[in-house]
Amino acid sequence: MSETRPIEPFQFKGALRLGQDSVDVNFQAHVDRRGELLIKLQELPLTEETRFILTEWHREGDLITYFCLSGQAGDNVSLNTERLYFNSVGPHSDSKRGSYFVFDAVCKIATLRRKATSPSPTPVYLLSLQAFQCFPQVTATCALGELTAGGDVRETDLQNVTGYIQLRAHEQPADLAQWRANAKRLLDHVRRVMSFAAGANLADPSLTFFLDGDAEITVQPHTSHRTPLIPSFPMVGRDDIFSAAVTSFFSPPFDAKNLWMALEWIAMEATYNEVRLVNAMTALENLVSSNTRDIRQLLDDALFAKLKSVLTAAIKEFAEKNEFQTIDPALADELTVKLAELQRRSLRRKLDILLERWSVPMDGITKSMIRSAFNARNEIIHEGRYYVEGEKRPELWGHYCVVREIVTRLIFSAIGFKGCYISHLGGYHHAVFPPQTS
C-alpha cells in the first residue's frame, strides 16, 4: 500500500508543554525510509515564557525528561506525542536577534492523523516492517479478517522499511475497540513468527489504522539491522510459514508457554558465533523451562528437606574427620550450599521430556551432539571463550547449528507447521518438517 512509503515533511503549528508550562512552536515533521519520525523544532527566543525549557535541561538527575508536543498542519494533518526529548538545547545570542534556543529533538512515539489516500469501509491495520522481504505476497484468512504480507526482495538496505503485514476486517466489528486490541496481538504474533522465518527481529516502526477516510499512524522507531540474516525460509515462497503463524494464534496444537520469547531470542541480532550459540541456547532454555515447570524438581519439597538435612550432617561429619577447617574454613559451607542443586532436574533431562511431550522428531541429532553443544555454551558463559590455543576443536558454528535446529523443530511443533524450510544442520540445505522417513 502507498501508506508504507515515507511521509513527506509537513509544517506544523502547535504547542510544546511540560506540566503547567506551555509555549507556541512551529516545527517540521516527516517519516523517512527507515520509518523514523524526524522532528525539527524552529528556534525559540529565550524569554520568561520559554525559560522552563532551559531550566529543565539543566536539572540534575538520571531520568530523561519527556515533553508533550502537538501541532496541526492545515486542516487534515495533526501530530501528538508525550514522549519528546532533547539531545541538546543550544542557547545562542547575537546583537540583532537577541537570545534564542536551537534544539535537537527526538521522539520515542507519536501519533499522526491524516486523510487516507482511499476510504476503507471496514477497519484495516497496516504494520510496516524493516528488513522483511517476501515474494510473492502471502495471504491468510482468519476470524479477524484477511491478512496479507509482502516485502521488496530487491531492497539491499535492510534498515529501510521493506515490507508490511496488513489485516482487513471482513465487516464492521460490533466492538471496534475489542477488534483493534485482538488485531494488534495477532499482528505481533505473526511478526514474531515471520522474524524467525526471516532470521532477524523485524522492526515495526509504524502501525497505521484505517477506517472510512481517516488514517491514524503510530510511529515508534526501533533498532535497525546491521548483520547478515540467517533465514529459516527463503524470501520467495513463505506461504506455509505465514499460514501456520496465523492459524497458531487462534488454535495452536498445544499451549506453548512463552513461545514469543523463544522467537525473539532465536532471531536476535548477533555478530559472532559465540553470541549466536548463547542466543540459541537461551531460546532453548526458555522453551524448556517454561513448558516443564511441573517436573523441574526431582523430589517432593518435604522429602528433599529430609535428604538435605541428612546430607548436611554427613558433610559436617566428613569435614570434621578430614580436618576441612585447616584446608579451607568455608569449604564445608560451600559444599552445603551446592546441595540445593540436587533438587533441580537437569536441562538435558527436561529437554528429553519436552521433546517427547511435543512429539518433536530428532532425526539427524544425537545425544552426543547435544551434549557437545551444551558444553560449548557452558565454556563460553563460564570461561569467556570456546577455542583454546594449541587445542583442535570442532567449529563452533556446528554446535550453533545443532541448537538452532532443535529450537526450530520445537517452534514448528508449537505452531503446527508442516512443509519445507532451510536447515543448516550438516550444511546448508532444504529440509522437510516433519522429516520424511524412507
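In terms of this note's numbering, the sequence shown opens at residue 29 and continues consecutively. Idealized CB from N, CA, C, for every residue including glycine. In this text the structure is predicted, and so the values were computed from the model without any measurement.
Beta-carbon separation of V316 and L379 under 8 Å?
For the purposes of this step, residue 316 is taken as residue 288 along the sequence shown, with counting starting at 1. For the purposes of this step, residue 379 is taken as residue 351 along the sequence shown, with counting starting at 1. Yes.
Could you check whether the stretch 212 to 224 touches the stretch 180 to 188, counting it as contact only if at least three pairs of C-beta atoms, one from each stretch, sit closer than 8 Å?
In short, these stretches do not touch, since the Cβ pair count stays below three.
If you draw a straight line from the C-alpha of S127 to the C-alpha of E36, how long is it?
Position 99 of the sequence shown, counting from 1, holds the residue named residue 127. Position 8 of the sequence shown, counting from 1, holds the residue named residue 36. Straight-line Cα distance between these residues: approximately 31 Å.
If you drop the 5 nearest sequence neighbours on each side, which residues of the same chain put their C-beta closer than 7 Å to that of L305?
Within the sequence shown, the letter at position 277 stands for residue 305. So the list reads A404, R405, I408, L424, H427, Y428 and V431, once near-sequence residues are dropped.
In this structure, does DSSP put A284 in helix, strand or coil?
Stepping through the sequence shown from its first residue, residue 284 is reached at position 256. Coil.
So L214 and L195 are in contact, right, with Cβ under 8 Å, and what is the actual spacing, rounded?
On the sequence shown, position 186 is the one that residue 214 refers to. On the sequence shown, position 167 is the one that residue 195 refers to. Right, their Cβ atoms sit about 7 Å apart.
Using 10 angstroms around the beta-carbon of F203, count the other beta-carbons present and answer buried if the total reaches 16, otherwise exposed.
On the sequence shown, residue 203 is found 175 positions in, with the first residue counted as 1. It is Asp, not Phe, that sits at residue 203 in the sequence shown. When all chains shown are included, D203 counts as exposed.
Is it true that the CB of G447 sits closer than 8 Å to the CB of D268?
As a first step, residue 268 must be located in the sequence shown, where it is residue number 240. As a first step, residue 447 must be located in the sequence shown, where it is residue number 419. Result yes, Cβ atoms of D268 and G447 sit closer than 8 Å.
Run the CB neighbour count on I323, radius 10 Å, all protein chains shown included, and call it buried at 16 or more, exposed below.
If you number the sequence shown from 1, residue 323 lands on position 295. So I323 ends up on the exposed side.
For G63, I'd like the list of residues in its chain whose CB is within less than 6 Å of its CB, leaving aside the five on either flank, ordered along the chain.
Locating residue 63 in the sequence shown gives position 35, counting from the first residue. So the list reads S156, V189, P233 and S234, once near-sequence residues are dropped.
Please list the terminal residues of the continuous beta strand (DSSP E) segment that includes K41.
The residue you call residue 41 lines up with position 13 of the sequence shown. Here the beta strand (DSSP E) through K41 covers I35 to L46.
Under a Cβ-count criterion, where at least 16 other Cβ atoms within 10 Å of its own Cβ denotes burial, should S30 be classed as buried or exposed?
Start at 1 with the first residue of the sequence shown, and residue 30 comes out as number 2. For S30, the predicted model reports a pLDDT of 43, less than 50, meaning its position is unreliable and no value from the coordinates is stated.
Check each candidate in D103, Q200 and E174 and name the one with the smallest Cα separation from P149.
Translated into the one-based positions of the sequence shown, residue 149 becomes position 121. If we check each option's Cα against that of P149, Q200 comes out closest.
Taking the alpha-carbon of A360 as reference, which of T340, E417 and D242 has the nearest alpha-carbon?
For the purposes of this step, residue 360 is identified with residue 332 of the sequence shown, where counting begins at 1. Ranking the options by Cα distance to A360, first place goes to T340.
Does the Cβ-Cβ distance between A228 and A159 come in under 8 Å?
Counting from one through the sequence shown, the residue named residue 228 turns up at place 200. Counting from one through the sequence shown, the residue named residue 159 turns up at place 131. In this structure, A159 lies closer than 8 Å to A228 by Cβ.
Over the uninterrupted beta strand (DSSP E) stretch that includes G126, give me the two end residues.
Numbered from its first residue, the sequence shown carries residue 126 at position 98. Element bounds for G126: G126 to C135.
Just the C-alpha distance for L312 and G89, rounded to the nearest angstrom, thanks.
Along the sequence shown, read from residue 1 onward, the residue named residue 312 stands at position 284. Along the sequence shown, read from residue 1 onward, the residue named residue 89 stands at position 61. So the alpha carbons of these two residues sit roughly 40 Å apart.
In chain order, which continuous runs of the beta strand (DSSP E) of length 3 or greater are located wholly inside the stretch 84 to 155?
Within the stretch 84 to 155, the complete beta strand (DSSP E) runs of at least 3 residues are 95 to 101, 105 to 122 and 126 to 135.
For the beta strand (DSSP E) holding G179, just list the boundary residues, first then last.
Here residue 179 is taken as the residue at index 151 of the sequence shown, counted from 1. Unbroken beta strand (DSSP E) run through G179: G173 to G179.
If you compare alpha carbons, which of V338, H58 and N115 is closest to R142?
Within the sequence shown, the letter at position 114 stands for residue 142. The residue with the shortest Cα to Cα distance from R142 is H58.
Apart from the five residues just before and just after G173, which ones in its own chain have a Cβ nearer than 6 Å to its Cβ?
If you number the sequence shown from 1, residue 173 lands on position 145. So the qualifying residues of the chain are L195, R196, A197 and H198.
Excluding the 5 residues flanking M309 on each side, which residues of the same chain have their C-beta closer than 7 Å to its C-beta?
Along the sequence shown, read from residue 1 onward, the residue named residue 309 stands at position 281. So the list reads R405 and V431, once near-sequence residues are dropped.
Which residue wins for smallest C-alpha separation from M289, given the options I439, H458 and Q353?
Against the sequence shown, residue 289 aligns to sequence position 261. When each option's Cα is compared against that of M289, the closest is I439.
Residues in the same chain with beta-carbon distance under 8 Å from Y415, minus the five sequence neighbours each way, listed in chain order, please.
Locating residue 415 in the sequence shown gives position 387, counting from the first residue. Excluding sequence neighbours, Y415 sits near R421 and L424.
Answer yes or no: do V53 and L66 have a C-beta to C-beta separation smaller than 8 Å?
For the purposes of this step, residue 53 is taken as residue 25 along the sequence shown, with counting starting at 1. For the purposes of this step, residue 66 is taken as residue 38 along the sequence shown, with counting starting at 1. The answer is no: Cβ separation not under 8 Å.
Under 6 Å Cβ to Cβ from A442, same chain only, skipping five residues before and after it: list those, please.
The sequence position of residue 442 within the sequence shown is 414, counting from 1. Cβ within range, chain order: A284 and L287.
Report the rounded CA-to-CA distance for S123 versus T109, giving the unit in angstroms.
By one-based count along the sequence shown, residue 123 stands at place 95. By one-based count along the sequence shown, residue 109 stands at place 81. Cα to Cα, the separation comes out at about 35 Å.
Check whether chain B comes within 8 Å of F445, counting only Cβ atoms and requiring the distance to be less than that.
Of the protein chains in the structure, only one exists, and it is not chain B.
Under the DSSP definition of a beta bridge, which residues are partnered with K349?
Walking along the sequence shown from the start, residue 349 turns up at place 321. Answer is none; K349 lacks a bridge partner.
Below 6 Å CB to CB, which residues in the same chain sit around W386 once its five sequence neighbours on both sides are set aside?
To locate residue 386, count along the sequence shown from 1; it is residue 358. Cβ within range, chain order: S441.
Excluding sequence positions up to five away, which residues of its chain have a Cβ less than 8 Å from the Cβ of L335?
Here the question's residue 335 lines up with position 307 in the sequence shown. Same-chain partners within the cutoff: L327 and L370.
Straight-line CA distance for P164 to L112?
Position 136 of the sequence shown, counted from the start, is the residue given in the question as residue 164. Position 84 of the sequence shown, counted from the start, is the residue given in the question as residue 112. Roughly 39 Å separates the two Cα atoms.
For G230 and R87, I'd like the C-alpha separation in whole angstroms.
Against the sequence shown, residue 230 aligns to sequence position 202. Against the sequence shown, residue 87 aligns to sequence position 59. Before going on, a small fix: residue 230 reads as Leu here, not Gly. Approximately 37 Å, taken between the alpha carbons.
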